[in-house]
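Here's the structure, in structure tokens; my notes come after.
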């Protein structure tokens, strides 16, 4: 019985990783360009995996996204900023792994305290914000350079922090709201099916 459960888990995990790969390479599926920004939807898949499979598998799916981001920064960057910052695995991989860990553990903890749907919404919101805040925070810590400032449309490096906060508001908040709405819609029937 244990081997059957392990095979089921691995097949579902492989399916989530396949979805992450498709989202990375099919145009307008994982990254939706809006002006200079890219609205990311891939984090939702990581959050769903974390809620359905748990924090460990959510971290694996997030790690797969991070590794793809890292490789694409060298081979086919998604934006002019990608080769500058996502070639650092601390920026490209670590925040993606933490999405799965935070969303998964938060859902497990909240499910004991409140109803399932609000627990999913809060876990999804937190997972999305972890990604945004960590990526932009690490960019601010490691890459306060003229090249990165120019990628954000300014020649003044001292303005980079303010511009990154604007990105949190214009990109991060909508991504978090999208995750909080979509994740429960997908996770609720999947959890019922799993039971």
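Residue numbers (my numbering): -11 to 183.
Cβ atoms here follow ideal geometry from the backbone N, Cα and C, with glycine treated the same way.
Note that this is a predicted model, so its numbers are computed, not measured.
**Study point:** Continuous beta strand (DSSP E) assignments of at least 3 residues falling wholly in the region 14 to 43
**Key:** 19 to 22 and 25 to 28
Exercise for review: Please classify residue 103: does DSSP put it in a helix, a strand, or coil?
Suggested key: coil
Just to confirm, is the Cβ distance from residue 39 to residue 108 under 8 Å? yes
Cα-Cα separation between residue 46 and residue 36, rounded to whole angstroms
8 Å
query = Is residue -7 helix, strand or coil by DSSP?
reply = Residue state, collapsed to three classes: helix.
Among residues of its own chain, excluding the 5 on either side of residue 17, which ones have a beta-carbon nearer than 8 Å to its beta-carbon?
10, 11 and 29
Out of curiosity, what's the CA-to-CA distance linking residue 176 and residue 151?
So the alpha carbons of these two residues sit roughly 37 Å apart.
*Burial state of residue 169, where buried means 16 or more other Cβ atoms lie within 10 Å*: exposed
- prompt: Does DSSP classify residue 158 as helix, strand or coil?
  reply: helix
Would residue 116 and residue 70 be called neighbours here (beta carbons separated by less than 8 Å)? no
Review point. In the structure shown, what three-state DSSP assignment does residue 74 receive?
Key: coil
Practice problem: Please confirm whether residue 130 and residue 76 have their CB atoms less than 8 Å apart. | Solution: yes
Give me, in chain order, the residues of the same chain whose beta-carbon lies closer than 6 Å to that of residue 87; leave out the 5 immediate sequence neighbours on both sides. 31, 34, 50, 115, 118 and 119
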